[in-house]
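One structure is given below, encoded as structure tokens.
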Amino acid sequence: MNKVAIIGAGRVGETTAQILAEKEICREVVLLDVREDAAKGAALDICQTSAFFDFDTKVDGGENSSVITDSDLVVITAGIPRKPGMSRSDVLATNVAILDNILLQVLEFAPDSKLLIVSNPVDILTYHAWKKTGWDRSRVFGQAGVLDASRMASLIAQETGFSSMDITTLVLGGHGDTMVPLPRYCTVNGIPVTQFVDPEKLAEIIARTREGGAEILKLRKTSSAYVAPAASIVAMVDAISHNRKRILPCVAILEDEYQESDIAMGVPCILGDGGMEKIIELELNKDETALFRQSVSHIRGDLERLISL
Ligand code: NAD
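Mapping to numbering that gives the first Met the number 0: the sequence shown position 165 is 164, numbers consecutive.
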């Protein structure tokens, strides 16, 4: 991939740009932010790490939308993050207005790009971006499950003492209280995690995964999580850039998969140079299906609020 644009040079955007540049996942990274000189300053700062991290990725930034011209992929991290005590849904109205403004810029300057939505509430904003652009669903998707699964893997690693590199986890559903961690699909190098973690501990891990973002926000107070979110975005960009055909949980538009349509939510997807190339359908058991449906109805509630804005 040649050029990745990141809209929103805040904590998540800037950290994503740094990792993308360091890993040389694309030739050029640009940051766009409405705050005067913020994106330019962030880009300059990242460039000045190139000698330490040995990269020659071009990094630039500004507040003029033309910086995103001809980007292959646009990552949207602009918006207000929630404050302690707020849910992701509480920032809906503000972030939809911000997204609308950004989509106009994307349609003008990067009309052939793919869109990776990060701003919250990510399920709703991904749906909104898909509707507004009219693009094929393969080009509009969001990040949630990669982060949620990495949080769960990290908690399992802490509990068992095993390397997190050997731990595979899967989290579906909405990015919020109704997310659906799937312990049945969690393994330590192929061995079911239930062999190492007792049911009560696993229930605690699942609860902590659901609250993962809120836990960090409560500790940090003035900032939500941004390092693991950025690393999760980079995993998705890397899969697309290298056409890896990775199976990663993405916020995707459902068209009859999981018996749902006209909704965006977290499901396992194949990510490659075609973007969100295919949704993988899992056979969920009765309990998993009930949790998934609960997540669907929560998202549908937010979608109704979106329509009434
Ligand atoms: P932040 O406040 O540090 O950064 C947001 C940036 O967006 C600011 O620099 C702001 O100036 C910029 N911005 C606002 N309106 C803009 C516009 N119209 N055009 C360009 N830039 C604009 O916030 P953050 O911590 O980086 O979080 C950003 C978003 O990502 C939030 O909505 C947060 O909830 C979300 N988030 C999502 C996930 C996820 O897993 N999906 C994880 C972490 C954060």
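Positions of the beta carbon are idealized from the N, C-alpha and C atoms, including for glycine.
- Distance from the CA atom of R138 to the CA atom of S118, rounded to whole angstroms, is 17 Å.
- Of the heavy atoms belonging to the ligand NAD, at least one sits nearer than 8 Å to the Cβ of V11.
- Rounded to the nearest angstrom, the gap between the Cα atoms of T132 and N63 is 21 Å.
- Cβ-Cβ distances below 7 Å link A92 to L308 in the same chain, with the five nearest sequence neighbours on each side left out; the list follows chain order.
- Following the DSSP letters along the chain, one finds K130 inside the alpha helix (DSSP H) bounded by residues V121 to T132.
- With three or more CB-CB distances shorter than 8 Å, the stretch 169-183 counts as touching the stretch 274-292.
- Using a Cβ distance threshold of 9 Å, K244 and L270 count as a contacting pair.
- If you draw a straight line from the Cα of G160 to the Cα of D147, it is about 20 Å long.
- For I5, the uninterrupted beta strand (DSSP E) run begins and ends at K2 to I6, by DSSP.
- Contact between I204 and M275 does not hold, since their C-beta atoms are separated by about 28 Å, which reaches or exceeds 8 Å.
- Taken atom to atom, the span from the alpha-carbon of I79 to that of Q104 is near 19 Å.
- Ranked by how close their Cα comes to the Cα of V145, the residues V233, N1, L43 and S294 have V233 in first place.
- Annotation for S240: M0, I24 and C25 place their beta carbon closer than 7 Å to its own, counting only its chain and skipping 5 residues before and after.
- G7 has its Cβ nearer than 8 Å to a heavy atom of the ligand NAD.
- If you compare the alpha carbons of I6, G172 and T167 with that of R34, the shortest gap goes to I6.
- Three or more beta-carbon pairs drawn from the stretch 155-171 and the stretch 186-194 are found closer than 8 Å, and the two stretches are therefore classed as touching.
- In the structure shown, E254 adopts extended strand secondary structure according to DSSP, grouped into three states.
- Residue environment analysis places N100 among the exposed positions, since fewer than 16 neighbouring C-beta atoms fall within 10 angstroms of its C-beta.
- For L169, the shortest C-beta to heavy atom distance toward the ligand NAD is 8 Å or greater.
- Excluding its 5 nearest sequence neighbours in each direction, G211 has C-beta neighbours in its own chain below 6 Å: R150, listed in chain order.
- Along the length of the stretch 0-72, whole beta strand (DSSP E) runs at least 3 residues long occupy 2-6, 27-31 and 57-61, reported in chain order.
- Contact between the stretch 248-255 and the stretch 31-48 is not established, with fewer than three Cβ pairs separated by less than 8 Å.
- By the neighbour-count criterion, in which 16 or more other beta carbons inside 10 Å mark a residue as buried, S296 falls on the exposed side.
- Under the three-state reduction of DSSP output, R243 falls in the coil class, being neither helix nor strand.
- Taking non-hydrogen atoms of the ligand NAD into account, the C-beta of D44 is found less than 8 Å away from none of them.
- Residue range G144 to T159 is occupied by the alpha helix (DSSP H) that includes S153.
- For G212, the uninterrupted alpha helix (DSSP H) run begins and ends at G211 to R219, by DSSP.
- Between N94 and L124, the C-beta spacing is below 9 Å.
- The ligand NAD never approaches H127 closely enough for any of its heavy atoms to be under 8 Å from the residue's Cβ.
- In the three-state reduction of the DSSP assignment, F195 falls in the coil class.
- By the CB criterion at 9 Å, D59 and E27 fall inside the cutoff.
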